[in-house]
Amino acid sequence: MAKITLDGVEKAFGSISVIKGIDLEVEDGEFIVFVGPSGCGKSTLLRMICGLEEVTKGTITVDATDVTDLPPSDRQLAMVFQSYALYPHMTARKNIGFGLRIAGFDKATVHKKVLEAARMLEIEDLLDRRPRDLSGGQRQRVAIGRAIVRSPKAFLFDEPLSNLDAALRVQMRKELMNLHETIKTTMIYVTHDQVEAMTMADRIVVLRDGEIMQVDGPTDLYRKPKNIFVAGFIGSPTMNFIPVSSSKGSLLLNNTMPLPYKHLSSAKLQQAAKLGIRPEHLEISPKSGLWKGVVKMIEEHGSEEFYQVKVEGLTQLLEVRSSGTDLLRKGDNVWLSPQVTKSFIFDEQGNTIY
Amino acid sequence: MRDSKSKTTILYGLTLVITAFSVLPILWIAAGAFKSDIDMMTLPPVSPDLTDWSLIIEFVAEYYPFIFNSLFVTIGSTIFCLLLAVPMAFGLVNFKLRGENLIADWILSTRMMPPIAAAIPLFIIFNGLGMVNSRTALLIAYTGFNLPFAIWVTMTFIRKVPKELIEAARVEGATWFETLLYIVVPVSLSGIATTATFVFIFAWNEFLLALFLSGQETRTLPVVISSFVGTGRIYWSNIGIATLIQSIPPIIFAFAMQRHIVSGMTMGAVKD
Chain R
5 MAKITLDGVE KAFGSISVIK GIDLEVEDGE FIVFVGPSGC GKSTLLRMIC
55 GLEEVTKGTI TVDATDVTDL PPSDRQLAMV FQSYALYPHM TARKNIGFGL
105 RIAGFDKATV HKKVLEAARM LEIEDLLDRR PRDLSGGQRQ RVAIGRAIVR
155 SPKAFLFDEP LSNLDAALRV QMRKELMNLH ETIKTTMIYV THDQVEAMTM
205 ADRIVVLRDG EIMQVDGPTD LYRKPKNIFV AGFIGSPTMN FIPVSSSKGS
255 LLLNNTMPLP YKHLSSAKLQ QAAKLGIRPE HLEISPKSGL WKGVVKMIEE
305 HGSEEFYQVK VEGLTQLLEV RSSGTDLLRK GDNVWLSPQV TKSFIFDEQG
355 NTIY
Chain H
115 MRDSKSKTTI LYGLTLVITA FSVLPILWIA AGAFKSDIDM MTLPPVSPDL
165 TDWSLIIEFV AEYYPFIFNS LFVTIGSTIF CLLLAVPMAF GLVNFKLRGE
215 NLIADWILST RMMPPIAAAI PLFIIFNGLG MVNSRTALLI AYTGFNLPFA
265 IWVTMTFIRK VPKELIEAAR VEGATWFETL LYIVVPVSLS GIATTATFVF
315 IFAWNEFLLA LFLSGQETRT LPVVISSFVG TGRIYWSNIG IATLIQSIPP
365 IIFAFAMQRH IVSGMTMGAV KD
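These protein sequence lines are chains R and H, in that order. Going letter by letter, the first sequence gives residues 5 to 358 in my numbering. Going letter by letter, the second sequence gives residues 115 to 386 in my numbering.
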């Protein structure tokens, strides 16, 4: 169990800067998720914490010890890889016990600890199988067992569920969260899937191009995104963005459609460049509303539908979520009403000003 | 119909002829293990009595020290070569070394040199060390000659070990040596076996360096065979027996390693 601190951490491959100055404090026992699009540096950052990549600048501290120059073997961290990285020539039992045997524990202790970890993960019956005789989910459990058994200061997960099918992924997600509840160790989890991030994390670090865009709990990220990138990244389907300008205390959507915006001073309104509104905050009705439009496409999800609507006066299609009181069809005339209080205004630089 | 039948017949006939070309000389010499010199020269050919092992037994009783020399030098240099090549290959693959490309090219270039160019210099060196006529000299020479090739081949197999296995071991606290010993070697065992086969066969069959560097008592089997071509007569029967013995280890090795060599070639070809 340990607090992990990143101070001014940078990473460059030759002249290419990949991580551009990260300051982060991970609290002891926290489940923190690094999330971001491909290439944002989240895996690199994780590997730097682990010691598999060198730090170009800055320091990494684990449990009050500066580990920046320590090899991975001396950091007392455990890593679970996306491809599990199980030793193919060893049984599950030997895989899990490898780290302990290397550390010099006697056979009896190793046996006991391996059994404990296996019980926790419900894989006792699989201990004498080789990795090639295990399914993906079982292999992943062995990989996690290998990490648990060493009682590390923190667990590092590098997209561990990416190779599993959707149903198994959902199940494993829950199991990992249960695990965290049980062993209460710091866990740093990397994923590109923002749904995974939202469901599992105590706090989420949103990364882009090697920089932190925002660090917050899931609810705060959703309700109070600090910039347009986070606003667009968190939430599925993505937020709708409409270019705006201001005039006489009102917002002009697409420079034509007025939208009264009482929540901002006119001074602030001057800076407005984009309006963001989530699909779930647009109400759709065949009878009445603020904006008139036509349904262009429907995505049926069973419990809800997503409509793509072409609103008169706007060039782009708006994505709208509905829980199905009125089932609409393609080509239907509809009315949209935005919940203005739940919308966001962004300036030219992408910062949230409302 | 007829055409293809005669075509097949011709092809079979050709195959038989070519096979005969390759196999008959070997059969003739091997037959010498069971026939006396005179019997080998008579026409029409006398068929060998395959139950009569007396000639073979006599030969082994007299020449077993040289068989031992061959075994000693071959097995010894194979072991030494592997002990050096595997860690070196591991290092070259896993560590960023300055000029590592140059090292790789240099390794390959030594394979392009004809051994005879090195024979005299090696003789002078070992003579200076007082080691000519010793088995050790040959062992060292074979290890040295085989090492670049062994490193080269081992490197290609070690490269196939997934990087994440090594990373996982390192994160678990294994030192580089422990990672090599417990993870990399077991996983690339087929490749190491392939390397061992090549190294062994080279050393076992080597003639030139053995001729230069070994003495009366430390001669290896290939040198002994050449000594059967005397100035007055040729000891055909002995040549036959010795050749038979000389071919046994490579044949055994090739059969035993067959599985490894084939799997070694395809290991890692398909994503797991």
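Every residue, glycine too, gets a C-beta built ideally from N, C-alpha and C.
Can you tell me whether DSSP reads residue i as helix, strand or coil?
| i | result |
| --- | --- |
| H/R212 | coil |
| R/V338 | strand |
| R/E352 | coil |
| R/S166 | coil |
| R/Q175 | helix |
| H/D117 | helix |
| H/T192 | helix |
| H/A227 | Per the sequence shown, the amino acid found at residue 227 of chain H is Met instead of Ala. Residue state, collapsed to three classes: coil. |
| H/T334 | coil |
| R/A276 | strand |
| H/L130 | helix |
| R/D11 | strand |
| H/K385 | With a pLDDT of only 43 at H/K385, under the threshold of 50, the placement of this residue in the model should not be trusted; the figure read from the coordinates follows. The answer is coil: DSSP assigns H/K385 none of H, G, I, E or B. |
| H/L279 | helix |
| R/V59 | coil |
| R/I36 | strand |
| H/V160 | coil |
| H/S62 | Lying before the first or after the last residue shown, residue 62 of chain H is absent from chain H, which here runs from 115 to 386. |
| R/Q198 | helix |
| H/Q372 | helix |
| R/G221 | coil |
| R/V66 | strand |
| R/Y91 | coil |
Name the two residues that bound the continuous beta strand (DSSP E) containing residue i.
| i | result |
| --- | --- |
| R/S87 | Unbroken run through R/S87: none, as it is neither H nor E. |
| R/N244 | 244-251 |
| R/Q320 | Per DSSP, R/Q320 belongs to no beta strand (DSSP E) and is neither H nor E. |
| R/P262 | 261-264 |
| R/E303 | 295-304 |
| R/R212 | 207-212 |
| R/L255 | 254-257 |
| H/G344 | That residue, H/G344, is in no beta strand (DSSP E); it is neither H nor E in DSSP. |
If you measure from the beta carbon of residue i to each beta carbon in chain R, is any gap under 8 Å?
| i | result |
| --- | --- |
| H/L279 | yes |
| H/P363 | no |
| H/G205 | no |
| H/E292 | yes |
| H/R284 | yes |
| H/R212 | no |
| H/T289 | yes |
| H/I124 | no |
| H/I388 | Lying outside 115 to 386, the shown extent of chain H, residue 388 of chain H is not represented and no answer is given. |
| H/T129 | no |
| H/V160 | no |
| H/V301 | yes |
Once the 5 residues before and after residue i are set aside, which same chain residues still bring their CB inside 8 Å of it?
| i | result |
| --- | --- |
| R/D298 | The residue you asked about is not Asp; residue 298 of chain R is Val in the sequence shown. Correct list, in chain order: V313, K314, G335, D336, N337, V338. |
| H/I217 | L206, L211 |
| R/I331 | The sequence shown places Leu at residue 331 of chain R, rather than the Ile named in the question. Counting only Cβ-Cβ distances below 8 Å, and skipping sequence neighbours, we find E309. |
| R/L256 | V248, S249, S250, P262, L263 |
| H/T270 | G305 |
| H/F182 | none |
With residue i as the anchor, note down where its alpha helix (DSSP H) starts and where it stops.
| i | result |
| --- | --- |
| R/M49 | Strictly speaking, residue 49 of chain R in this sequence is Leu, with Met absent from that position. Start and end: 46-54. |
| R/F233 | 232-237 |
| R/I106 | 96-107 |
| R/R143 | 140-152 |
| R/V124 | Rather than Val, the amino acid found at residue 124 of chain R in this sequence is Met. Per DSSP, R/M124 belongs to the alpha helix (DSSP H) from 111-124. |
| H/R304 | For the record, residue 304 of chain H in the displayed sequence is Ser; it is not Arg. H/S304 -> alpha helix (DSSP H) spans 303-319. |
Is residue i close to chain H? Criterion is C-beta to C-beta, closer than 8 Å.
| i | result |
| --- | --- |
| R/H184 | no |
| R/A107 | yes |
| R/F237 | no |
| R/H196 | no |
| R/P164 | no |
| R/L81 | yes |
For residue i, which residues of its own chain have a beta-carbon under 7 Å away from its beta-carbon, when the five flanking residues on both sides are left out?
| i | result |
| --- | --- |
| H/D163 | F148 |
| R/T203 | R177 |
Tell me which residues share the same chain as residue i and place their Cβ nearer than 6 Å to its Cβ, disregarding the 5 neighbours each side in the sequence.
| i | result |
| --- | --- |
| R/G280 | A235, M243, F245, F348 |
| R/E179 | none |
| R/S327 | E308 |
| R/G214 | V22, I23, K24, G45 |
Does residue i come within less than 8 Å of chain A when only Cβ atoms are used?
| i | result |
| --- | --- |
| R/L56 | Absent from the structure: chain A. Protein chains present are R and H. |
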